[in-house]
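Enquirer:
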Amino acid sequence: MSRDTCCQIPSPGTADGEPAVSPPFSCSPTKGIGPCQGTVLSTEGFTQPFQVALAGNPNVGKSVVFNALTGARVDVSNFPGTTVGIAKGHLVGYPTVRLEDTPGVFGLSALSEEETVAEAALTAADIVINVVSAPTLNRDLFLTQQLIDWGYRLLVVVNQLDEAQASGVTLDLSALESRLGVPVVGCVATKNQGLDRLIQRLPEACTGTSTPDLPEASALRPMELDPGHRLKTYAARRYYINQWIRQVMPPASVGGQGTHASLGAKLRQGTGQALLHPLWGALALIVVLLTLYQVIGVWVAGDIVDFLENDLLLKTLIPWMQQGIALFAPVGSWLYILLAGEFGLATMTTQYLLGVMAPLVFGFYLYLSLLEDCGYLPRLAVLADAALTRVGLNGRAIIPMVLGLGCVTMATISTRVLTSQRERTIANALLAITIPCSAQLGVIMGMVALIGGLKAWLVYMGFLVAVFAGLGSVLNAILPGKSSGLVLDLPPLRWPQPTNVLKKTWQRGSGFLWEAAPLFLLGAAIVSIAQLSGLLEWVQTALAPVTQTVLHLPKQAASAFLMGMVRRDFGLAGFYQLQSHLTATQLMTSMIVITLFVPCIASATVLWKERGWREGAGVLTLSWLIAFGVGAVATRLLEWTGF
Amino acid sequence: MTIETIPLHTLCHIRAITDPEVQLVLLRFGLGEGDAVVVTARPHSGPAVLKANQLEVALGRQYLRFIEVEARSFA
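Chains C and U, in that order, are what the protein sequence lines are. Using the working numbering, read the first sequence as starting at 36 and increasing by one per residue. Using the working numbering, read the second sequence as starting at -19 and increasing by one per residue.
1. Buried or exposed, going by whether 16 or more other CB atoms sit within 10 Å of the CB of U:E50?
2. Are the region 164 to 179 of chain C and the region 194 to 209 of chain C touching by the rule of at least three beta carbon pairs closer than 8 Å?
3. Assuming C:D184 and C:L249 form a contact by the criterion Cβ under 8 Å, report the distance between their Cβ atoms to the nearest whole angstrom.
4. Just how far apart, CA to CA, sit C:G359 and C:N345?
5. Which chain U residues are close to C:D207, counting only those with a beta carbon under 9 Å from its beta carbon?
6. Determine the burial state of C:A155: buried for a count of at least 16 other Cβ atoms within 10 Å of its Cβ, exposed for fewer.
7. According to the neighbour-count rule (16 or more other Cβ atoms, all chains shown, within 10 Å of its Cβ), is C:N227 buried or exposed?
8. DSSP puts U:H(-11) in a beta bridge; with which residues?
9. Would C:T382 and C:Q357 be called neighbours here (beta carbons separated by less than 8 Å)?
10. Using the C-alpha atoms, what's the distance from C:G332 back to C:T326?
11. Put C:D248 into one of helix, strand or coil per three-state DSSP.
12. Are the C-beta atoms of U:P(-13) and some chain C residue less than 8 Å apart?
13. Check distances from the C-beta atoms of the region 140 to 166 of chain C to those of chain U and list, in chain order, the residues that come in under 7 Å.
14. Could you have a look at C:G477 and say whether DSSP puts it in helix, strand or coil?
15. Beta strand (DSSP E) containing C:T439: first to last residue?
16. Mind checking C:D524: buried by the 16 CB within 10 Å criterion, or exposed?
17. Can you say whether C:G677 is buried or exposed, counting buried as having 16 or more other CB atoms within 10 angstroms of its CB?
18. Could you name the residues of the same chain whose beta carbon sits closer than 7 Å to that of C:S638, not counting the 5 residues immediately before and after it, in chain order?
19. Can you give me the C-alpha to C-alpha distance between C:A662 and C:G606, rounded to a whole angstrom?
20. Hey, out of C:K517, C:V322, C:Q83, whose CA is closest to C:P238's CA?
21. Within 10 angstroms of its Cβ, does C:L230 collect 16 or more other Cβ (buried), or is it exposed?
22. For C:N94, which of helix, strand or coil comes out of DSSP?
23. Applying a beta-carbon distance threshold of less than 7 Å, which residues of chain U neighbour C:T171?
24. Going straight from the alpha carbon of C:G569 to that of C:V654, what length do you get?
25. Using CA coordinates, which residue listed in U:Q34, U:R41, U:I(-6), U:Q42 is at the minimum distance from U:A16?
26. What are the partner residues of C:Q86, as DSSP defines its beta bridges?
27. Between the region 403 to 423 of chain C and the region 486 to 493 of chain C, are three or more C-beta pairs nearer than 8 Å?
28. Roughly how many angstroms lie between the CA atoms of C:V509 and C:V426, to the nearest whole one?
29. Quick check on DSSP: helix, strand or coil for C:S168?
30. How long is the line joining the alpha carbons of C:V75 and C:A464, rounded to whole angstroms?
31. Taking 8 Å as the threshold (beta carbon to beta carbon), is C:R457 in contact with chain U?
32. Taking the continuous alpha helix (DSSP H) assigned at C:L302, which residues delimit it?
33. Within 8 Å (strictly less), CB to CB, does C:L525 reach chain U?
34. With C:L523 as the anchor, note down where its beta strand (DSSP E) starts and where it stops.
35. Which residues of chain U have a Cβ atom closer than 9 Å to the Cβ of C:M177, listed in chain order?
36. Let's test the definition: count the other Cβ atoms within 10 Å of the Cβ of C:P257 and tell me whether it reaches 16, buried, or not, exposed.
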């Protein structure tokens, strides 16, 4: 590969236009700058089972490469920390080659859970594909060099070459290959360019040129895991990279883009700066929230749900279902009540899951995917840092919180991106108790539209923010230790990629339906059986002191709480059904209480798995106390103010 | 002068990093003593956003006082 062509974007399929070539490297047992070292895996290796792990800094496109190589659908977003576990697959066309996608890390010194997880996967692999980002190559090479120093057999993929070009950054990949002593391949993974070349050169992966003056890999590893020693080796590695990096990439202007940045790149940089400005950033956030309300609360919850639920389901499909069920179960019989009664398994599940939840959840995920893909969330993290520091977190926690607005279960897993156990305890408690998921938000927005629109929305949000701040402050005060500060790289803003956005929306939305449908059926069955057996009446009477005296709600509200123990959105659906019997104050109280109520079964299970039974039980108990305590205060406050 | 107090958009060089933990973090981002950086944003009571080598990094307020810099010019 010539120096002139090595930094250009390869064309699809043929990488840089060159025909398939045999490995150009010779095996050399000696160390030093130059050709690849170590034993080269022969192309026959593809017939033997072997394991490949993808490693790299956060947000360099590892998951895009993984998806392209395996045909899998791992979540891809424009923010660091999208991958928190290990994704597994096989190289397309080569079932013997197993691939693992590891979480993005800046180094391998077990400074976080992600680093421990990544290191374990890399140690088990025969070959490591190190994905680096062309625009931030200087930073990414620290991990590359560490992987070489630790003795991994490596192939380096320089991704996002198009972004580097747009920013006016040119790279000399052959110089990089010569310096590292391992094969280097350029690619634009999102456009599927250069990946064929990657597969061709995979057998060439080998150990590279180590940092001079550092010990051998076996001695270096324990040294870098020791906080007392790692600073010295880190500094030596950085110094070594700095000595030759300018041969690979020319110096860029520090404050801005490269000298030949395109107009689009300059515009994106300007927009990125504006989003970090206290005034413009706050205005942008208000626009994002108002747009969310307009799209989900008005168009989806209003127009689309109205059409689907009322015109399509209640007037057409559900009467047909009831008639069909009546053919084998007489109206009024226990089977008819179970399947098509007030809480009927067939009718109520269809009505709420397809008529209400599905459009709201898909709508919300579409909006969230757009925000994720364009790179807005890390900038929101910067603006939110000061506020989140007061509740014992840092700006990085905004990402699980925003993901929680989609699905709390998924967000609970994503709290692994937080550095300390203390932060994870606080974040999980706040997520489980104060963050409504997309299904809940959808129903809430529909109910809000019934009782006063934007004013009701602000009242509801005001209570949630107050509980969030209060609970977070208390936990921050009573939990031992101190939380870490924000360290976050900000990816460049990008136009959302329609295919990625739509695929992700579909994947998450359909995932929700698969997860929720059995739980909805279970909830409907429990309530219907309780109704048939008279247990529901007994529960309603037993809970009357709470529902009627404490919360000033009718005693039928107990049914909704019972349903809410399966899924909170299911409980809300119960209140949605009772709406004609409730005043505006009662509807607002019920929305607040059920939001703060126990997390759904799936979230609770993940919480117990991630944080242990003690913390899980603590959060559940706390959620009951807070839900009914805040509900009691809210209802009196709303009555007093004449809401 | 530290990153906490230097005016925004001033091109500066890192003179010293006085805390080992901060030094470690910055080394992994490709930054160390002698490197040129620009602070592009610093929301009230919030983090500072440093720009260097095509990279933007947000660093929490508690780390800023450990990064001593020397001003060169406006970027």
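Even glycine gets a Cβ: it sits at the ideal position worked out from N, Cα and C.
Expert: For this structure:
1. Residue burial annotation: U:E50 is exposed, with fewer than 16 other C-beta atoms found within 10 angstroms of its C-beta.
2. yes
3. So it is a contact: roughly 6 Å between Cβ atoms.
4. In a straight line, the C-alpha of C:G359 is about 19 Å away from that of C:N345.
5. The contacting residues do not exist; C:D207 stays about 16 Å from chain U at best.
6. exposed
7. exposed
8. Paired residue(s): none; U:H(-11) is not in a bridge.
9. Yes, Cβ-Cβ distance for C:T382 and C:Q357 is below 8 Å.
10. 9 Å
11. coil
12. no
13. In summary, the residues of the region 140 to 166 of chain C whose CB is separated from some CB of chain U by less than 7 Å are F141, G142, in the order they occur in the chain.
14. The answer is helix: DSSP assigns C:G477 an H, G or I state.
15. Sequence check: residue 439 of chain C is Gly here, not Thr. In the DSSP assignment, C:G439 falls outside any beta strand (DSSP E) and within the unbroken alpha helix (DSSP H) covering 433 to 439.
16. Classification of C:D524: buried, given that the 10 Å Cβ count is 16 or more.
17. exposed
18. V443, T444, T447, A467
19. 13 Å
20. Considering only alpha carbons, the answer is C:Q83.
21. buried
22. coil
23. Residues of chain U passing the Cβ test: Q34, L35.
24. 31 Å
25. Of the candidates U:Q34, U:R41, U:I(-6), U:Q42, the one whose C-alpha sits nearest the C-alpha of U:A16 is U:I(-6).
26. Residue pairing by DSSP places C:Q86 opposite C:R133 in a beta bridge.
27. no
28. 8 Å
29. strand
30. With a pLDDT of 42 at C:V75, under the threshold of 50, the modelled position of this residue cannot be trusted; read the value that follows with caution. If you take the alpha carbons of C:V75 and C:A464, they lie about 50 Å apart.
31. no
32. 298 to 311
33. Yes, C:L525 counts as interfacial toward chain U.
34. 522 to 524
35. For the sequence presented, residue 177 of chain C should be read as Phe rather than Met. Residues of chain U passing the Cβ test: L7, R8, F9, G10.
36. Around the beta-carbon of C:P257, fewer than 16 other beta-carbon atoms lie within 10 Å, marking it exposed.
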